[in-house]
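Undergrad: Throughout the sequence shown, residue numbering follows the working numbering, covering 43 to 313 in sequence. Okay, here's the structure, questions in a sec.
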Amino acid sequence: MLENARNLLSLGKDIRFEMKEHTTEQNLSVVKSLKTRFISDGPANFTWQESCDEPEKIHIGEKSYDDKRIGKAFTESGALNRHLQRIYTGKKHYECNQCGKAFTQRGPLIAHQRIHTGEKPYKCNQCGKAFTQMGPLTAHQRTHTGEKPYKCNQCGKAFTQRGALTGHQRIHTGENPYECNQCGKTFKYKHSLPVHQRIHNEDKPYKCNECGKAFRQKGALNVHQRIHIREKPYKCNQCGKAFTNQRALTVHQRIHTGEKPYKCNQCAKTF
43 MLENARNLLS
53 LGKDIRFEMK
63 EHTTEQNLSV
73 VKSLKTRFIS
83 DGPANFTWQE
93 SCDEPEKIHI
103 GEKSYDDKRI
113 GKAFTESGAL
123 NRHLQRIYTG
133 KKHYECNQCG
143 KAFTQRGPLI
153 AHQRIHTGEK
163 PYKCNQCGKA
173 FTQMGPLTAH
183 QRTHTGEKPY
193 KCNQCGKAFT
203 QRGALTGHQR
213 IHTGENPYEC
223 NQCGKTFKYK
233 HSLPVHQRIH
243 NEDKPYKCNE
253 CGKAFRQKGA
263 LNVHQRIHIR
273 EKPYKCNQCG
283 KAFTNQRALT
293 VHQRIHTGEK
303 PYKCNQCAKT
313 F
């Protein structure tokens, strides 16, 4: 794979030379044909003379240089070369000067650095919530529109984000790809693993600015802070009693329904 990548990158240099030598539209199409044949056939089966017999028409804006392994196309050879170097050599040239994390492209590095600067340039025009990247903003806006474009082909459940669908589908497949290196516990979602690992290192990064109590998860902090502001958004539709969190409401509602889901395995008494 690495040798193929070197060959592809070498070909890119030859193509740039060809582009300088041949400036007509027809000759540029020949260069495109050379690139396509090289990627399609592989370096072992590629011959310059044979490939030069296949000129193709090129149009303005056409993405003439393509990597057929993944179907990605580019408008210029330089862009293809950079793509090949990133994908097939695995090099990460763009490094964060704050934490050292490296990236294959400049764009993701810029987005990552906003974690350190706190910059959130993408703002929701409905509620004002801001984000470091456009992708999360787009996903967030679906909470306002109700759009759920990602649908499970097993049960039909729909989601606002592709990642949420991927995680959900693991319920059907039983896959838990994220494993804790401390205790071996596995998880369906990537974000669940670092939250769990805080149990081992006793890390509680979310601290209440009213009383100083710390929590492993931001959601737990949000629930706790309702104690101080006396907010109780979860209301029983039977008696009107309100609670700070959903779990407390669920437990309360069993008074009305008579549900006792917890059974003693010694005497069968339920609670």
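Every residue gets a Cβ at the ideal spot worked out from N, C-alpha and C, and that includes glycine.
What residue range does the alpha helix (DSSP H) around P275 cover?
TA: The sequence position of residue 275 within the sequence shown is 233, counting from 1. Neither: P275 is in no alpha helix (DSSP H) and is coded neither H nor E.
Undergrad: When the Cα atoms are used, what is the spatial distance from P150 to N167?
TA: Numbered from its first residue, the sequence shown carries residue 150 at position 108. Numbered from its first residue, the sequence shown carries residue 167 at position 125. Approximately 24 Å, taken between the alpha carbons.
Undergrad: Hey, Q203 and Y192: beta-carbon distance below 9 Å or not?
TA: The count along the sequence shown starts at 1 and reaches residue 203 at position 161. The count along the sequence shown starts at 1 and reaches residue 192 at position 150. Yes, these two residues count as a Cβ contact at 9 Å.
Undergrad: Taking 9 Å as the cut-off, decide whether the C-beta atoms of I157 and T174 are in contact.
TA: One-based indexing of the sequence shown puts residue 157 at position 115. One-based indexing of the sequence shown puts residue 174 at position 132. Yes.
Undergrad: Can you tell me which of the three DSSP states T146 falls into?
TA: Position 104 of the sequence shown, counted from the first residue, corresponds to residue 146. Reduced to three states, the DSSP call for T146 is coil.
Undergrad: Among the residues of its own chain, which have a CB less than 8 Å from the CB of R148, if the five just before and after it don't count?
TA: Within the sequence shown, residue 148 is the residue found at index 106, counting from 1. Correct list, in chain order: Y136.
Undergrad: What residue does the alpha helix (DSSP H) around Q140 start on, and which one ends it?
TA: The residue you call residue 140 lines up with position 98 of the sequence shown. That residue, Q140, is in no alpha helix (DSSP H); it is neither H nor E in DSSP.
Undergrad: Given C225, which residues of its chain have a CB within under 8 Å of its CB, disregarding the five upstream and five downstream residues?
TA: Taking the first residue of the sequence shown as 1, we reach residue 225 at position 183. Result list for C225: H242, in chain order.
Undergrad: So, at 6 Å on beta carbons, what are the nonlocal neighbours of K134 in its own chain, with the 5 sequence-adjacent residues on each side left out?
TA: Residue numbering aside, residue 134 sits at position 92 when the sequence shown is read from its first letter. So the qualifying residues of the chain are A144, F145, T146.
Undergrad: From the DSSP secondary-structure annotation, give me the bridge partner or partners of F201.
TA: In the sequence shown, residue 201 corresponds to position 159, counting from 1. F201 pairs with Y192.
Undergrad: Is the CB-CB distance between H266 and C281 below 9 Å?
TA: Reading the sequence shown from its first residue, position 224 is the one you call residue 266. Reading the sequence shown from its first residue, position 239 is the one you call residue 281. No, Cβ-Cβ distance for H266 and C281 is not below 9 Å.
Undergrad: Measuring alpha carbon to alpha carbon, tell me which residue in E252, H214, P178, Q259 is nearest L235.
TA: Locating residue 235 in the sequence shown gives position 193, counting from the first residue. Among E252, H214, P178, Q259, the Cα nearest to that of L235 is on Q259.
Undergrad: In its own chain, which residues sit with a C-beta less than 7 Å from the C-beta of C194, not counting the 5 before and 5 after it?
TA: Your numbering for residue 194 matches position 152 in the sequence shown. Counting only Cβ-Cβ distances below 7 Å, and skipping sequence neighbours, we find L207, H210, Q211.
Undergrad: Express the C-alpha separation of G177 and A153 in angstroms, rounding to a whole number.
TA: Along the sequence shown, one-based indexing puts residue 153 at 111. Along the sequence shown, one-based indexing puts residue 177 at 135. Roughly 11 Å between the two C-alpha positions.
Undergrad: Indicate the three-state DSSP secondary structure (helix, strand or coil) for K165 in the structure shown.
TA: What you label residue 165 is simply residue 123 of the sequence shown in a count that begins at 1. The answer is strand: DSSP assigns K165 an E or B state.
Undergrad: Tell me whether K260 sits in a helix, a strand or coil according to DSSP, three-state version.
TA: Position 218 of the sequence shown, counted from the first residue, corresponds to residue 260. Correct three-state label for K260: helix.
Undergrad: Please work out which residues of its chain come closer than 8 Å, Cβ to Cβ, to K162, disregarding the five sequence neighbours upstream and downstream, and give them in chain order.
TA: Within the sequence shown, numbered from 1, the residue matching residue 162 stands at position 120. Excluding positions up to five away in sequence, the list reads R156, A172, F173, T174.
Undergrad: Starting from the C-beta of F285, find all residues in its chain whose C-beta is less than 6 Å away, skip the five residues before and the five after it, and write them out in chain order.
TA: Taking the first residue of the sequence shown as position 1, residue 285 is located at position 243. So the qualifying residues of the chain are K274, Y276, L291.
Undergrad: Along the alpha helix (DSSP H) that carries H242, what are the first and last residues, could you check?
TA: Position 200 of the sequence shown, counted from the start, is the residue given in the question as residue 242. Start and end: 234-243.
Undergrad: To the nearest angstrom, how far is the alpha carbon of C222 from that of T187?
TA: One-based indexing of the sequence shown puts residue 222 at position 180. One-based indexing of the sequence shown puts residue 187 at position 145. C222 and T187: Cα-Cα distance of roughly 37 Å.
Undergrad: Applying the criterion that 16 or more other CB atoms from any shown protein chain within 10 Å of the CB defines a buried residue, is F201 buried or exposed?
TA: On the sequence shown, position 159 is the one that residue 201 refers to. Counting Cβ neighbours within 10 Å, F201 comes out buried, since at least 16 surround it.
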